[in-house]
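Asks: Pasting in a structure now, in structure tokens, and then I'll have a few things to ask.
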Amino acid sequence: MAVRQGPMSENSGFHIQTVIILAIFALVFGLIYFFNKRQPFSGWVAIGYSAALMGYVIDSTRTPSTHIAFIFVSTAMFWIFSLAIAKAIYVRCNAAFPNILVGLILSSAVTGFTVLTFFAPDISIRSVLVSVVAGILLALCLPPLWKAGGRVIDGALFGVIATVATTFVVRVAVVYSLHGLTLTEQSYSQSTYAWIFHFTSGICALALAVVLLYAAGLDMIWHFHGQSNRDPLTGLLNRRGLKGLFKTSTVRSQDSINIRSVILFDIDHFKRVNDQYGHAAGDKVLQRIAKTASGLCQNQGQVARTGGEEFAILTDWIPIETAQLLAQHICDSLRFIAHPELDADHKVTASFGLAVLTDADSLHDAMDRADQALYHAKRNGRNQVALAKVA
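With positions in the sequence shown counted from 1, the corresponding number in my numbering is that position plus 227.
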């Protein structure tokens, strides 16, 4: 990758700026990943920009005497950039990466590059291959973005990546349609193609980095906002998250028989578990109970951990009979959970209180009534479901 008047000469300022930009974004995304390992998206972007930096430096200082190994490396880095960005998008969208398709593309590309370098040398066709393959690899991340596309940032990513991928493919067609396939190893560094290649690569890398950085920032905000609403031990909503869910899901079902209910349950004699087996064992018990209750609720409600051994379920719009059956099903199931940390004959049970949410109720009101029903269940022998009186 050189320029019209020789490498690093007339346009050396642009080259230096591009190198600095690539280095900054590689560092920034690397730091984001370093401080937040749960965001592998940023890690893959950092790999991509590190590869782009290496490839750009090698190609922009290229001369006719540059060893072919360096040309191979710069080409590989260019492809790795596109591949890493595509991988980052697939990770962000929680989509399965098309490993087989990528393998076929890369094997074909490497074969073609080798043939056009050693067996039928043609730098013009080879430069077409390099850009087109990079564009195709980058375009692989468009399908998951299209499917994800409910948020503005996903649409922005789709638009920018589609533009960059198209630029990679179209630029070679534009240059060669104007100047013909006249490149040689000796003329490459001073060619119009090399100048346009570097210029478009720098601009595309900058535009893409800005949108990717914005996406990474939003992901961090969403992640930490979600974490503030989650119980770190069980992964369930906490009390704050439950209140937020209630505020954002108050649209009433059109079916008059469907209502919302609050189910509270409290693990029976949980203090004995902690005292007898230790808090680590108690944490395992809580995690299994949370997983079981959440799995049994499925699409009928959302489980939250509201205290030490206290849990709450905000049901969806379902009949009261269904809510009662749900509570009873969870109650019956909990005592059959195997807890290896406890003695074999130690069964962990829970007591339940259920309250119907009326139109005039706040979540606090319904939880108070459910708590009274829960207290009633405990007084009557525990390991049972009690229904609160309608307000």
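All C-beta atoms, glycine included, are put in the ideal place defined by N, C-alpha and C.
#1: Under DSSP, the alpha helix (DSSP H) around S303 begins and ends at which residues?
#2: Can you say whether W271 is buried or exposed, counting buried as having 16 or more other CB atoms within 10 angstroms of its CB?
#3: Is it true that the stretch 564–577 meets the stretch 447–463, where meeting means three or more beta-carbon pairs spaced less than 8 Å apart?
#4: In the DSSP assignment, what are the bridge partners of E537?
#5: DSSP three-state call for S418: helix, strand or coil?
#6: Kindly give me the distance between the Cβ atoms of A550 and R466, rounded to whole angstroms, as I take these residues to be in contact under 8 Å.
#7: Under 7 Å Cβ to Cβ from L439, same chain only, skipping five residues before and after it: list those, please.
#8: In terms of residues, what are the limits of the beta strand (DSSP E) holding G580?
#9: Determine the closest residue to A250 out of F261, G429, L553, L328, with distance taken between C-alpha atoms.
#10: Give the secondary structure of R532 by DSSP, where H, G and I count as helix, E and B as strand, and everything else as coil.
#11: Check for me: the alpha helix (DSSP H) holding A279 runs from which residue to which?
#12: Let's see if you can read the secondary structure: which residues bound the beta strand (DSSP E) around L614?
#13: Counting Cβ pairs, one atom from each stretch, are 3 or more of them under 8 Å apart for the stretch 309–324 and the stretch 365–379?
#14: If G282 and A315 are in contact, beta carbons under 8 Å, what's the gap, nearest whole angstrom?
#15: If I'm right that A517 touches T427 with Cβ under 8 Å, what's the distance once you round it to whole angstroms?
#16: What is the rounded straight-line gap between the Cα of V379 and the Cα of I448?
#17: For K605, which option in N526, G386, T576 has the closest C-alpha, if you only look at C-alpha atoms?
#18: I'd like to know whether the C-beta of G240 is nearer than 8 Å to at least one C-beta of chain D.
#19: Measure the Cβ-Cβ separation of Q611 and C558 and say whether it is below 8 Å.
#20: Please tell me whether T533 and I490 are closer than 8 Å, where the distance is taken between their beta carbons.
#21: Given this structure, state the Cα-to-Cα distance separating G522 from D598, to the nearest angstrom.
#22: What is the residue span of the alpha helix (DSSP H) that S560 lies within?
#23: So, for V583: in the same chain, excluding its five sequence neighbours on each side, which residues have a beta-carbon less than 7 Å away from its beta-carbon?
#24: Quick one: Cα of I388 to Cα of F305, how far?
#25: Where does R179 fall in DSSP's three states?
#26: Measuring alpha carbon to alpha carbon, tell me which of P348, T302, A520, W422 ends up nearest A336.
#27: Just to confirm before moving on: does the CB-CB distance between Q529 and I545 stay below 8 Å?
#28: In the DSSP assignment, find the alpha helix (DSSP H) that holds K511 and state where it starts and stops.
#29: Where does T542 fall in DSSP's three states?
#30: Between which two residues does the alpha helix (DSSP H) carrying Q599 extend?
#31: Please report how far the alpha carbon of F252 lies from the alpha carbon of R265, in whole angstroms.
#32: Taking all protein chains shown into account, do 16 or more other C-beta atoms lie within 10 angstroms of the C-beta of N334, making it buried, or fewer, making it exposed?
#33: Does the Cβ-Cβ distance between D446 and F268 come in under 8 Å?
#34: Assuming the contact rule is C-beta atoms closer than 8 Å, V637 and L435 should be a hit. Round their C-beta distance to whole Å, please.
#35: What's the call for P348, buried or exposed, on a 16-neighbour Cβ count within 10 Å?
#36: Please check the pair A443 and F256, which I expect to be a contact at CB under 8 Å, by giving their CB distance rounded to whole angstroms.
Replies: To lay it out plainly:
#1: A small correction: the amino acid at residue 303 is Ala; Ser does not occupy that position in the sequence shown. Start and end: 295–319.
#2: buried
#3: no
#4: D493
#5: coil
#6: Not confirmed; about 20 Å, so no contact.
#7: V272
#8: 577–584
#9: G429
#10: strand
#11: 267–287
#12: 612–614
#13: yes
#14: With 8 Å as the limit, G282 and A315 do not qualify as a contact, their Cβ atoms being about 17 Å apart.
#15: About 52 Å separates the two Cβ atoms, so there is no contact after all.
#16: 15 Å
#17: T576
#18: Among the chains in the structure shown there is no chain D, since it carries only a single protein chain.
#19: yes
#20: no
#21: 23 Å
#22: 547–561
#23: I486, S488, I547, V617
#24: 15 Å
#25: Since the first residue of the chain shown is 228 and the last is 618, residue 179 is not available in this structure.
#26: T302
#27: no
#28: 506–524
#29: strand
#30: 590–606
#31: 19 Å
#32: According to the sequence shown, residue 334 is Ser rather than Asn. Exposed: under 16 other Cβ atoms inside 10 Å.
#33: yes
#34: This structure leaves residue 637 out entirely; the chain is present only between 228 and 618.
#35: exposed
#36: 7 Å
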